[in-house]
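Here the structure comes first, spelled out in structure tokens, and everything after it is commentary.
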Amino acid sequence: MADSLSMYLEEFEQNFEEGLKSNRIPGAAVAIVKEGRVVYQKGFGVREKGKPDKVDEHTVFRLGSVSKGFASVLTGVFVEEGALRWDDPVSRYVEPFKLHDPEQTGRVQIKHLLSHTSGLPRHAYTNLVEDGLSLDRIIPRLEQVPLIAKEGEQLSYQNAAYSAIEKVLEEHTKTDFNTLLHNRLFSPLDMSYSSASYDSIASSSNKALPHVYYSRSRGRVPISISNKYYNAVSSGGINASASDMGKWLLMLTGYRPEVLSEGTLGQMFEPIATLNNRRFSRYWEGVNRSYYGMGWRVLDNHGQRVVYHGGYVNGYRSEIAFAPEDDLGICILINTNSGYPLEVIPDFFNHFKSEAPQVSAD
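Under UniProt numbering, the first residue of the sequence shown carries the number 1, and numbering increases by one thereafter.
Next up, the structure:
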């Protein structure tokens, strides 16, 4: 088994390097876990196009919406301790949280925030998040937005409303969200390169710079790191390295129960809202059902349950996925916007595919 894994990882690395080159991706980093061990972590390419500094496993990237899973796990820590419940009303903790329908305001629960099923239209006030307004200024404005569904009925992806979970946790603990991330997740998991602020990544001596496509002749060019989404950390403001994401994957696959138990993790991965399979059919030929849980997408890959999320922000793309029943996970970080990781991850899981219980919406 060890020999076959080593052979596969050699093949994976060769194919991955070729894909980075053909897609003109400046830099990348990968972490792979299997059966409770980090079996692979490596950096590829350069931190900045035209410069010699190499990406390694400790190079810091922005995670974008992969940050959402950190928010749900952090909430799960307090649920497991009995301090919060998934079905607690948001308005119990966040007085300014009001929706267009006052009755629906009282019915929206923590699980609705984390599953994008509060009833708000897609990306309500994401523009204000990107404009840099604080959550204290954005959340009261949600009352102005006409609703499109009752709570729990329809998935409608959010950034501003999702980030209201930060205010729930801050009100409950009287501690700011970034400190909670550090004290309850980053520090216990020894994620020493992870952070949740612009200043942290800007001052890092080992960071990947973002790149965007400029032209056919120039290809991808480096741009400045933006401060966008650090005002809504739970939606897109976390920074991390591949080495840290390997540790994160070990926790997500049940190997750090002192941080969060498999039982509570499983609650987050339970399907709440149905996703459109067409979103995944281009890359995941085997996906016949897909859902959103709390902070995570859940794919039924012909019986193999894959928990997944992707992220894009400011010229960085990140993808994380794991199969709990197969004790297997992968995270890919790149410093440009390319769909290449979306091609790699399904092939990775299909290689290890085994029979696993199918996901039920019940």
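Every residue gets a Cβ at the ideal spot worked out from N, C-alpha and C, and that includes glycine. Please read these numbers as outputs of a predicted model, since none were measured by experiment.
Roughly how many angstroms lie between the CA atoms of residue i and residue j, to the nearest whole one?
i    : j    : result
E171 : R92  : 10 Å
K42  : V30  : 6 Å
R279 : V73  : 25 Å
I110 : G339 : 32 Å
D56  : A242 : 8 Å
V60  : D199 : 13 Å
H302 : E35  : 21 Å
M268 : L260 : 11 Å
E10  : F352 : 15 Å
K21  : S290 : 31 Å
Y214 : K49  : 13 Å
I330 : L189 : 17 Å
R220 : N23  : 10 Å
Q14  : R85  : 46 Å
CB residue i to CB residue j, shorter than 9 Å?
i    : j    : result
I345 : Y283 : yes
R62  : S224 : no
S118 : S235 : no
A196 : S115 : no
L181 : I138 : no
D326 : Q304 : yes
T336 : I25  : yes
L169 : T75  : yes
F322 : T253 : yes
P341 : V298 : no
L333 : A232 : no
Does any C-beta atom of chain D lie closer than 9 Å to the C-beta of residue i?
i    : result
E325 : In the structure shown, chain D does not exist; there is a single protein chain.
Rounded C-beta distance between residue i and residue j? I'm assuming under 8 Å.
i    : j    : result
G69  : W296 : 6 Å
L185 : A160 : With 8 Å as the limit, L185 and A160 do not qualify as a contact, their Cβ atoms being about 23 Å apart.
P210 : S156 : Incorrect: roughly 28 Å between the Cβ atoms, too far for contact.
K207 : R47  : 7 Å
H100 : E143 : 6 Å
S194 : D244 : 5 Å
G27  : F16  : Between F16 and G27 the Cβ distance is about 12 Å, and since that is not below 8 Å, they are no contact.
E151 : R107 : 5 Å
So, helix, strand or coil for residue i, using DSSP?
i    : result
G295 : coil
A149 : coil
N288 : strand
I25  : coil
R220 : strand
D244 : helix
K68  : helix
Q158 : coil
E319 : strand
P357 : Reliability of the predicted coordinates at P357 is poor, the pLDDT of 44 falling under 50, and no value is obtained from them.
Since residue i is in the beta strand (DSSP E), which residue starts that stretch and which ends it?
i    : result
I330 : L328 to I334
I165 : Taken as a continuous stretch (DSSP letters only), I165 belongs to no beta strand (DSSP E), being part of the alpha helix (DSSP H) at A164 to T173.
Y255 : Per DSSP, Y255 belongs to no beta strand (DSSP E) and is neither H nor E.
N239 : N239 to S241
S235 : First-last for S235: V233 to G236, but that is the alpha helix (DSSP H), not the beta strand (DSSP E).
Y230 : Premise fails: Y230 is in no beta strand (DSSP E) and is neither H nor E.
Y198 : Segment Y198 to A202 is the alpha helix (DSSP H) holding Y198; no beta strand (DSSP E) there.
I139 : Segment: none, I139 is in no beta strand (DSSP E) and carries neither H nor E.
V306 : Q304 to V313
Check for me: the alpha helix (DSSP H) holding residue i runs from which residue to which?
i    : result
N127 : T126 to E130
Q41  : Q41 -> not in any alpha helix (DSSP H); beta strand (DSSP E) instead, spanning R37 to G45.
S281 : R278 to S281
Can you find a heavy atom of the ligand PLP that lies under 8 Å from the Cβ of residue i?
i   : result
E81 : What this structure holds is no ligand at all, so the ligand PLP is not there to describe.
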